[in-house]
Every structure is written in C-alpha cells, then in structure tokens.
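Right, one structure below, let's go through it.
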Amino acid sequence: MLSLLLAAAASACTLSEPPTPAGLRLAENRWVAALEARDGRALACRLAPDFTDSTWRGDLVRRAAVLAALPSRPPSRLALSELAAEVHGGVGIVHGINTQTSADGKTIGRVRFTDVFVRAGGRWQALSAQETPILSK
C-alpha cells in the first residue's frame, strides 16, 4: 500500500526549480514547508527514491522511514539561515543552519546541515542529508 501511495505522489510532482543556486535554496525551503505542513505528497516529491538522512543523533534513516514518520512529527517551526548553495552539473549542495522552535516559540535545537541534491524531472531532489547539532556555549 505504501509503495502505491509513494508512486502516486512521485507521479504528481509538478513543481520545478531552476538548475541554479537560487533554485536549490527554493528546493530547500519547499522541503522545510513540506515538513512543517506534514505534507507527505510534497515530501515524497522532494526526496529521491534512494534518499538517506544521517541524523543529528547518528542514525541513518531511509526515505520510506522519513515518510512514515511524517504524520507523527511534533508541531514546530523550522527556520533556515546561513544558506550557501552550489551547483556542480546535475548535483547541488546546500549548507546551512536549521533552528527548530516549538509552537510556543522556544528553541528546541539547532543543527548545521549539508544536503545533497540531484536534478530529476526539472526539480531538485534530496539524495542525502547530514545534520550536526550546534551545542549551546
């Protein structure tokens, strides 16, 4: 059943982004918007079929597990800063900081991240993510 839903979501991906650093930043922001809205269809479009996340806890999480966990994601806001995007042919890399805040505005955590994207179907798809916690000083 999950594979049918994922296939339907992937075929419905109509958003496009230019093959530029600005297009990568747009893709990164759309990814965050999908997470915040718990939009499984948009997230399935954003993540490449072989996506893997190396989390801030040191876990490797594959695409299917990311999508399965989305409905139970706690409500919070994700704010991206210090975004630096590079394009190398059909590959894009985005570095930045993601600050997560709770519904009442308290900072939950901050991570420095590196996301690797590939071009597919006129859009950037996330292939890999790596987060490192930023510890309070």
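Going by the numbering used here, the letters in the sequence shown line up with residues -8 to 128, in that order. The beta-carbon is built from N, C-alpha and C at its ideal position, and this holds for glycine as well. All of these numbers come straight from a predicted model, not from anything done at the bench.
Item: Would you report the Cα separation of Q121 and E19, rounded to the nearest angstrom?; Value: 14 Å
Item: Taking only beta-carbon atoms, is R16 less than 8 Å away from chain B?; Value: Given the protein chain composition of this structure (a single chain), no chain B is represented.
Item: Roughly how many angstroms lie between the CA atoms of R16 and L58, to the nearest whole one?; Value: 22 Å
Item: Would you tell me roughly how many angstroms separate the C-alpha atoms of G45 and D106, rounded to the nearest one?; Value: Per the sequence presented here, residue 45 reads as Ser, with Gly not at that position. One C-alpha to the other measures close to 10 Å.
Item: Residues in its own chain within less than 6 Å of S93 by CB, not counting five upstream and five downstream?; Value: S67 and I99
Item: Go ahead and pull the three-state DSSP assignment for G81.; Value: coil
Item: With a threshold of 16 other CB atoms inside 10 Å of the CB of G14, please say whether the residue is buried or exposed.; Value: buried
Item: Using only the alpha-carbon positions, how far apart do L74 and F104 sit?; Value: 10 Å
Item: Check E8 in the structure and name its three-state DSSP category.; Value: coil
Item: Count the CB pairs spanning the segment 75 to 89 and the segment 35 to 51 that are closer than 8 Å, and state whether there are at least three.; Value: no
Item: For L126, is the classification buried or exposed, using 16 other Cβ atoms within 10 angstroms of its Cβ as the cut-off for buried?; Value: exposed
Item: Excluding the five sequence neighbours on either side, which residues of its own chain have a C-beta within less than 8 Å of the C-beta of A(-2), listed in chain order?; Value: Low confidence applies to A(-2): its pLDDT is 45, below 50, so where it sits in the model is not reliable, and the reading given next is rough at best. The answer is none, since no qualifying residue turns up.
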